[in-house]
Structures are given as structure tokens and as C-alpha cells.
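Accompanying notes for the structure given below.
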Amino acid sequence: MAATEHAPAGYEKYHVPDSSSLAVRATVGLILTVFGAGLLLNDMTFGETHESGNAKWVLAAGLVFFIFTLASWFRTTIRENMQGMNSAQLNHSYVLGMFWFIFSEVMFFFAFFGTLFYVRQLAGPWLAGEGDGGRMNGLLWPGFEFSWPPTITPQEAVGGTDIQPIANNGAFLTQERSMSFADAHHWYQWLPMWNTIILLSSSFTVHVAHTALLKDQRSKFNLWLGITVALGIIFVGLQAAEYYEAYVLFGLTLNSGIYGSTFFMLTGFHGFHVFMGMTMLLIQLLRSVRGHHFTASDHFGFEASSWYWHFVDVVWVFLFLFVYIL
Amino acid sequence: MGDHHHGPAKGLSRWLFTTNHKDIGTMYLWFSFAMFILGGTFAMIIRAELFQPGMQLVEPGFFNQMTTLHGLVMVFGAIMPSFVGLANWLIPMMIGAPDMALPRMNNWSFWILPPGFLMLASTLFMEGGAPAFGWTFYAPLSTTYAAPSVTFFIFAIHVLGISSIMGSINIIATIMNMRAPGMTYMKMPLFVWTWFITAFLLVAVMPVLAGAVTMMLMDIHFGTSFFSAAGGGDPVLFQHIFWFFGHPEVYIIILPAFGVVSQVIPAFSRKPLFGYASMVYATAAIAILSFVVWAHHMYTVGMPVAGELFFMYATMLIAVPTGVKVFNWVSTMWRGSLSFETPMLFSIGFLVLFTIGGFTGLMLSIAPADFQYHDTYFVVAHFHYVMVAGAVFSMTSAVYFWLPKWTGRMYNETMGKVHFWISFVGFNVTFFPQHFVGLAGMPRRVPDYALQFADFNMMSSIGAFVYGASQIMFLYNVIATIVSGEKVSDEQVWDGAEGLEWTLPTPAPYHTFEVPPKIEATPAHG
Ligand code: HEM
Ligand SMILES: [Cu+2]
Chain F
2 MAATEHAPAG
12 YEKYHVPDSS
22 SLAVRATVGL
32 ILTVFGAGLL
42 LNDMTFGETH
52 ESGNAKWVLA
62 AGLVFFIFTL
72 ASWFRTTIRE
82 NMQGMNSAQL
92 NHSYVLGMFW
102 FIFSEVMFFF
112 AFFGTLFYVR
122 QLAGPWLAGE
132 GDGGRMNGLL
142 WPGFEFSWPP
152 TITPQEAVGG
162 TDIQPIANNG
172 AFLTQERSMS
182 FADAHHWYQW
192 LPMWNTIILL
202 SSSFTVHVAH
212 TALLKDQRSK
222 FNLWLGITVA
232 LGIIFVGLQA
242 AEYYEAYVLF
252 GLTLNSGIYG
262 STFFMLTGFH
272 GFHVFMGMTM
282 LLIQLLRSVR
292 GHHFTASDHF
302 GFEASSWYWH
312 FVDVVWVFLF
322 LFVYIL
Chain W
731 MGDHHHGPAK
741 GLSRWLFTTN
751 HKDIGTMYLW
761 FSFAMFILGG
771 TFAMIIRAEL
781 FQPGMQLVEP
791 GFFNQMTTLH
801 GLVMVFGAIM
811 PSFVGLANWL
821 IPMMIGAPDM
831 ALPRMNNWSF
841 WILPPGFLML
851 ASTLFMEGGA
861 PAFGWTFYAP
871 LSTTYAAPSV
881 TFFIFAIHVL
891 GISSIMGSIN
901 IIATIMNMRA
911 PGMTYMKMPL
921 FVWTWFITAF
931 LLVAVMPVLA
941 GAVTMMLMDI
951 HFGTSFFSAA
961 GGGDPVLFQH
971 IFWFFGHPEV
981 YIIILPAFGV
991 VSQVIPAFSR
1001 KPLFGYASMV
1011 YATAAIAILS
1021 FVVWAHHMYT
1031 VGMPVAGELF
1041 FMYATMLIAV
1051 PTGVKVFNWV
1061 STMWRGSLSF
1071 ETPMLFSIGF
1081 LVLFTIGGFT
1091 GLMLSIAPAD
1101 FQYHDTYFVV
1111 AHFHYVMVAG
1121 AVFSMTSAVY
1131 FWLPKWTGRM
1141 YNETMGKVHF
1151 WISFVGFNVT
1161 FFPQHFVGLA
1171 GMPRRVPDYA
1181 LQFADFNMMS
1191 SIGAFVYGAS
1201 QIMFLYNVIA
1211 TIVSGEKVSD
1221 EQVWDGAEGL
1231 EWTLPTPAPY
1241 HTFEVPPKIE
1251 ATPAHG
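Residue numbers (this note's numbering), protein chains in the order written: chain F, 2 to 327; chain W, 731 to 1256.
Structure (C-alpha cells):
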């Protein structure tokens, strides 16, 4: 193989950025954040507050620093693009980066969905005495019967934390009512249904916004993007209401055994992702309204955010199906 | 390739703020070597304790911290970052790209590693000590019964995971988007291919690991019951999630090593790689299969028989593409005009010893037999044959092979050969006897053992000290090369080496292929 020095016709130079302090600043922010979070959690659980009463300040400083660094990072890349430094090839690198980032997020959710399926299909029935290991039911959790949503935890079945000391790391108290459709009193009071409608329509509105942008219709784009962001905010609000309902009215908490664990982790991480996606879209809206960013052919920031939005929407469909309905 | 671009910045800011793939590669390589020394020190403590039966030097609790940190530091700190460093140095040069696709993120991927490991190492000094639940951190050892430092362990894993995910996204984008015109997928050097596939494995399983440690965090601090049967969860669930990550992880470790060997063996056989296409397909097959074999680590937890059988046969299936690879490497050497410089010695060492490790893996894959082998030193012997003689030997081979290209100076060949032979002998003296004590039933992760295992353990410890000491020679050789090695007279360095990186001047300039090279139309591989 031979290398020659002549650029092929039409080759645009790939812009390799100059050295930059962004990465190191982001590192400081990230590490302070996780270190502060670690201190805070240990204070909370293992209770030696006097040792590091500063934990929350470390965490807060880390978060602020991190968020500001990310903001200036994105501002830098946006400027570079507006100054025409990005070749088509470089833009494609960003596309690939976003795509595989979303894929990694899919795999993160996969771990939690896998957990849900494993518990519902295998571990639950086994604990209740089905299959090869069924004898253990009589020895460890006599009287435990499995259903979904569960009506009792193994610990409660045997009469509390003191009776069966194996594998206890707290008191697990089953909820009075679950969030699943089977437990809903009136369909129109059932928040997940409204949330489904909201999120699905928001995927549609963001698509309308995109179409408008492709036709260079700025005000239509702003309008539909604004509607999308509003729907996102409503979703997060309803989710907060749902959590309030769960904790205060249904007795459904993180301590409600495996149902509460899977319910809150799946919907919680999803809700957090909705919040992130909504923030991303909001930033795109502000860019468009205030800075007149984006053209019909160049609007990667918006596109990437909308892919992310569609992704959280798809995750919700699975959540709706497997957490709430089935 | 004119150096019209400015060169590196001066002083510390060059390294802190760099966006250059070569600088970042260099930092990864040095960092991983530092971790190799740290993890090695832990190993020396383990072997010193096991030198004789009875309790010698350390408390049992501390012994457990050592085995745990040794495994974690070696896997996540030494082996993985070393191959990422290699990827950074080589992939752009091998595909004719000016740099990695996303250079600033590249820098970030590196810089979060050192503080991440600092946090992990600092657990040694925390109340209750460092994590002591093994590198596989099974619940409930790592949840209900863990020291408070586990919280920092969890966040350290998150940080390393973020680094790996960003690093592999960068590698995928680079390979998909930055190949010089004419560099089709099936012309890419095998090292690029193996890293390409490894990067997919990484983006697929690192998030699952993140999920696992997140569930641990919730169980520990927020009263969830993912891994607690009392609340309806299951500790075995932890093992499933961990090994869903863990088995692909072992291929994440070994695939880039396969890539290195596939570059080195043809160079010193002066023949193109035998069966290039089959190598690519075998790599892909291994990667895909690696997602459906995880429970071979869990034969003894009480899975239904159907599960045992499925995972047994699926595991055995992996031996087929692996066998294809071994066959191809041997066939590449067949009737080649062989010479045995240090990189070739390490690659042949890899070939012989990795094959032994593959065979013991096959023995372990037999579910009924594994009931005897599981959690014994036989498993320890198996995975050190594949991870040390496999991954580390190939990494060592890579350093000797490309160091002249990177630095423009030749390492000391005699010292390199001595390093190889001491490593080879030291390694085998350490780990071969562990097969025997393992088959005879010596459990792993215990600081004491029955008297009948005494002789073999003493051999193991002596071998380990020898192997450990020989790495100092390696370090010395590398530093001496950089500082005062003899200048390389031939730009090509190795007469049999093929690939774009060898067409560059020696040492490789700070910026390379700012204009993409033209790739000849003829196929690069025979
Ligand atoms: C032919 C290919 C291979 C087969 C069939 C195989 C099979 C196995 C099996 C069945 C076990 C579980 C043994 C037990 O715990 O009882 C095991 C353990 C292990 N293998 Fe492999 N293996 C193969 C290749 C590899 C490679 C390439 C690596 C890494 C580079 C590797 C790393 C490990 C590790 C680290 C463990 C032990 C994990 C632990 O419990 O700490 N194996 N292998
Ligand atoms: Cu495995």
C-alpha cells in the first residue's frame, strides 16, 4: 500500500480541534459530583455525618461545575459549526456518536427490563415453590405465594424481619395498591394512560416541527417545538403526581419489595431521561427563537435531540406494556 | 507529509489539554502500565501469603481486599486501557485518518480514568477497608455484607464505564467514518477489525454493568430488594446481570489481543495473514456468541437442567471460531520465512499458551465437570492463561513491535528476548501447577490451604515473583529506548510488516494523514 500526498478531488479537511481544557474541566466536575454523592450516601446510610458534613457542598459544586462545563462544551461545538469549520464528514461523526450513545442507553434500560422479566417469570415462581428449587419455599419462605403485582413479600409471608433472618437488608412492606391497570379504579383517573397519550403525541409534534424546519418555516417550527417541550413538562409533572400518589396514598415505595424496586427504577430512570430530553429540546427552542440558529439543511442539535426524544418515547411504550398493563 | 501544522504544546498543558490521538494513546499506555504495576503489587502480596500454608503476612480480610483489587485493577485498569491506548495510536494510522473522530471526547475518556482509579484505590484507607467481595462482586457480599467503601467502588465503576463507552463510541465513529478513500472494510488490518467488534461489545455491555452497580447502590442505600429474596428479588439475578456483562467482557479483553497477533505473526513470517476473511467472520461469530454463554459461570447456582444444557452447548460452540483463528495463525507461519525477534516471540508465546487456556476453558464448559472445577484454582489457572499469556503477552508483543515506529528508536533486542524467556518460564511456573491443585480441590480466594498443596503453591509463588520482577526489565527497556535507544535506520522498521502505519516516516510525526492517503486498488490481504 502506498501513501501519496495528494488530496482526492472535493476533499474537505477534517477539522481536528486545537488542544482544549474542556475535557479536564469536565473531569473535575464529574469526579467531584460522584465523590460528593458517595460521601452523601454513606453519611445517610452509615450515619457519620460529623465526619463530612461537607458532602452536599462537594456534590453541589461538582454538579454546577459539570453542568457549566458541558454548556460551554456545547457552545464551542455550535460556534465551530456556525463558523463553517465542520465538513460533512465531521458532521457525520457527530451523527454516529449520537446514534451509538442512544444505543448504549437502550442497553442500560435493557438491564432493568431484563430484571423485571427475570423476577416475574423465574425468580418469583421459584420463591413460591415452583420448579427444581421449590423445596426452599418450605424451608425459607413457607406460605409465600407469588402473583404480579405481588400482594405480599416473602418476608411478610413468614411474619417479618426477625423470623427469617436470611437475606434481609431491611423491612419490605408490600404496597396497598399497585400502579398497574388491574388496580386502577377508573380508567380516566389512571395517570399512565394520560402520560402515554401525552408522550406519543409529543413524538408526533416534534416530527411536525422537524418537517416545518425542513421547509424553512421558522415560526411553525418554533410553535411545534414549543408544544413538544410543554408536553414534556406536563409528562414530568404527571409523573411527579403519580409518585406522590404512590408514596402517600398507595403505600408504594422503594421499600415495597421487588415490585416497588422495579417500578420506581424503571419509571424513574425513564422520567429522568424525559427530563433530559425535554431540556435538550428546550435548549434547541431557545437557540431557534433567540439566536435564529438552524437552517433547513443544518440543524444537527435539533435532530439529535429529537432522536433522543423518540428514544424515550419508545422506552415508554415498553414501560406502559410491561410495567403498567401486563 | 509536511509538518506545516504546529507541533505539540510545551509542558504539562500538552498532556492535559491534548486532542492528539498519539498523545492520548501514550497517556493510556503509561497509565495502564502504572496500573499493571499496582495490580502486580497486590498479586505479589497474595502470592507471598500463599507461599506457605498457614497464615503468614496478612489478615484474611485484607487478603480478600487484595484479591478483589488485584482483579479489578488488572481488568479495568491495566488490560482494557492498554488496548484503548493501542487503538488510539494505531487505528488512525492504519486507516489513513488524521485523528480520532471526536478528539476532545477522546481526551475526556482518558482523563476520567486516573481519578476514577484513585477513588477506587483510596477505599483501601477507608473505614472497614477496601471492597473484599472479589472482582465479580456478587450480591449479597457486595450489598448486605459490604464495607461502606462499596459506595465509592460503585461510583468508580460508573466512571470507568463512562470512559469505556465514550472510548468505544469514538472508535466506532472513527472506523465507520474516517477511513481513507479506498480503505474498504475488508481491506482494514485485522487489528482495526477486532477493535471495531470489541467497541460494539463495549457499548452493548458496559451500560448493563452500570445497571448492575446501580441496583446495588439502590439496595444498599434506598432499601430496594433487587438482590434480596426477602423482598422478592434474587441474589442469583445479580450473577446473571454481572455475567451478561462479564462474559462479553473477557472477549473485550482478548479480541484486540487477537488483532495484535494477527499483525505481528504475518510480519515475522513474511507472508500475508492466512484466511483474512475467515478471521473477520470468526471474530464476529465469537462476539455474537459471547452474548449467549454467560451462565457457564453459574453452573453451580442451581439453574434448571435445560439452562445448564443450553449454556454448555453454546459455550462449546465458541471453541469453533476460536479454533479457526488458532489454525489461521499457525498456517500463516507454515512455510513462512520466520524470524524470532521479541514481538514474534511474545506472539508465539501467546499462541501456545492461549491455546492451552482455550482448552481448559473447554474443560470448564462441561457443566457436570465444572461442578468439580468451579471456584478452584483450576479456574484461576484457566483465566490467567487467557488473560496474562493471552492479553498481556500480546500487549507486550505490540509494544515491542510498534515502539520503534512511535519513538524512532530501537529497543534492546537481547534484553527483549531475555524478558520474553523469563516471562514465559515465570508465567508457566506460576500458573501451570495451579491446574493440579485446582483439580485436587484447592479453593480460590482463601488465604490458607491444606498441607498437600504446599509444594505446588511454593512453586507458584516463586514463579510469580520471577514474572513480576521481569516486568521491571521491560520498563527499563522501554525507557532506555525512548531516552537513548539507537536510531532506527530503516523507515519501514520491520521488513515484513504490512500496513499504512509503516509507510509513515519514523518516528511517526505529530500529525499524520492530514490529507488522506490513496489506497492501492489491489487487495491488501492475500
Ligand atoms: C474457548 C474459549 C473459552 C471457554 C470455553 C471458557 C470457559 C470458561 C468457563 C466455563 C468458566 C467458568 C469456570 C468456573 O467458574 O467454574 C470460565 C471462567 C473464566 N474465563 Fe473463560 N473460557 C474461554 C475463554 C476465555 C477468555 C478468552 C478469557 C479472557 C481473556 C476468559 C476469562 C475467564 C475468566 C476471567 C474466568 C473466571 C471468572 C471468575 O470467576 O473470576 N476465558 N471460562
Ligand atoms: Cu465466560
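Quick reminder that beta carbons are idealized off the backbone N, C-alpha and C, glycines included.
Asked: What residues are listed by DSSP as bridge partners for ALA1140(W)?; Found: Before going on, a small fix: residue 1140(W) reads as Met here, not Ala. Answer by DSSP bridge pairing, in chain order: GLU1216(W).
Asked: Can you give me the C-alpha to C-alpha distance between MET108(F) and VAL1196(W), rounded to a whole angstrom?; Found: 43 angstroms
Asked: Could you name the residues of the same chain whose beta carbon sits closer than 7 angstroms to that of ILE767(W), not counting the 5 residues immediately before and after it, in chain order?; Found: none
Asked: Can the beta-carbon of PHE975(W) be found less than 8 angstroms from the beta-carbon of VAL935(W)?; Found: yes
Asked: Does the stretch 1125-1134 of chain W come close enough to the stretch 1071-1087 of chain W to have 3 or more Cβ pairs within less than 8 angstroms?; Found: yes
Asked: Quick one, which of GLY258(F), ASP133(F) and TRP225(F) has its alpha-carbon nearest PRO1034(W)'s?; Found: ASP133(F)
Asked: What did DSSP end up calling GLY737(W) once you bin it into helix, strand or coil?; Found: coil
Asked: Using a Cβ-Cβ distance cut-off of 8 angstroms, determine whether HIS734(W) contacts chain F.; Found: Interpretation of HIS734(W) is limited by its pLDDT of 47, a score under 50 that renders its predicted location unreliable; no figure is taken from the coordinates.
Asked: Quick check: the Cα distance between SER73(F) and LEU854(W), rounded to an integer number of angstroms?; Found: 36 angstroms
Asked: Within 10 angstroms of its Cβ, does THR5(F) collect 16 or more other Cβ (buried), or is it exposed?; Found: In this prediction, THR5(F) has a pLDDT of 46, which is less than 50 and means its spatial position is unreliable; nothing more can be read from the coordinates.
Asked: On the DSSP bridge list, what partners appear for THR1106(W)?; Found: PRO1173(W)
Asked: Give me the chain F residues within the contact set of PRO919(W), using Cβ-Cβ distance strictly less than 9 angstroms, ordered along the chain.; Found: The contacting residues do not exist; PRO919(W) stays about 10 angstroms from chain F at best.
Asked: Can you list, in chain order, the stretches of the alpha helix (DSSP H) that have 4 or more residues and sit fully within the stretch 112-145 of chain F?; Found: 125-128 and 136-141
Asked: In chain order, what residues of the same chain have a beta carbon less than 8 angstroms from the beta carbon of PHE1101(W), not counting five sequence neighbours either side?; Found: TYR1029 and THR1030
Asked: Are three or more beta carbon pairs between the stretch 268-284 of chain F and the stretch 227-235 of chain F nearer than 8 angstroms?; Found: yes
Asked: Have a look at VAL313(F) and GLY272(F) and give me their C-alpha separation to the nearest angstrom.; Found: 9 angstroms
Asked: By Cβ distance, which residues of its chain are closer than 8 angstroms to ALA3(F), with the 5 residues on each side in sequence left out?; Found: Its pLDDT being 41, under 50, ALA3(F) is placed unreliably in this model, and the coordinates cannot settle the point.
Asked: Can you find a heavy atom of ligand 2 that lies under 7 angstroms from the Cβ of HIS1026(W)?; Found: yes
Asked: Pick out the complete beta strand (DSSP E) segments inside the stretch 1023-1099 of chain W, 3 residues or longer, and give them in chain order.; Found: none
Asked: What's the C-alpha gap between ALA241(F) and GLY269(F)?; Found: 10 angstroms
Asked: Along the chain, where does the alpha helix (DSSP H) that runs through PRO845(W) open and close?; Found: 843-852
Asked: Taking 8 angstroms as the threshold (beta carbon to beta carbon), is THR5(F) in contact with chain W?; Found: Only weak support exists for where THR5(F) lies, its pLDDT of 46 falling under 50; the value from the coordinates is given anyway. So yes, THR5(F) belongs to the interface.
Asked: Within 7 angstroms: the Cβ of ILE1048(W) and any heavy atom of ligand 1?; Found: yes
Asked: From VAL1023(W) to LEU931(W), what distance separates their C-alpha atoms?; Found: 14 angstroms
Asked: List, in chain order, every chain W residue whose beta-carbon is nearer than 7 angstroms to that of ALA38(F).; Found: PHE885
Asked: Mind pulling the chain F residues with CB within less than 8 angstroms of LEU967(W)?; Found: THR116, TYR119, VAL120 and ALA124
Asked: According to DSSP, is PRO151(F) part of a helix, a strand, or is it coil?; Found: coil
Asked: Residues of chain F with a CB under 9 angstroms from the CB of PHE956(W): which are they?; Found: THR116, VAL120, ILE259, SER262, THR263 and MET266
Asked: Should PHE47(F) be flagged as near chain W, meaning a C-beta pair shorter than 8 angstroms?; Found: yes
Asked: Got a sec: is the Cβ-Cβ distance from VAL316(F) to anything in chain W below 8 angstroms?; Found: no
Asked: Return yes when at least one heavy atom of ligand 1 lies under 7 angstroms from the C-beta of HIS1112(W), else no.; Found: yes
Asked: Of all the options ALA860(W), TRP841(W) and ILE842(W), which has the alpha carbon lying nearest to the alpha carbon of LEU850(W)?; Found: ALA860(W)
Asked: If GLY846(W) and LEU799(W) are in contact, beta carbons under 8 angstroms, what's the gap, nearest whole angstrom?; Found: Contact flag wrong, Cβ pair sits at about 14 angstroms.
Asked: Quick check: the Cα distance between ILE103(F) and ALA1180(W), rounded to an integer number of angstroms?; Found: 52 angstroms
Asked: So, LEU816(W) versus PRO986(W), is the Cβ gap smaller than 8 angstroms?; Found: yes
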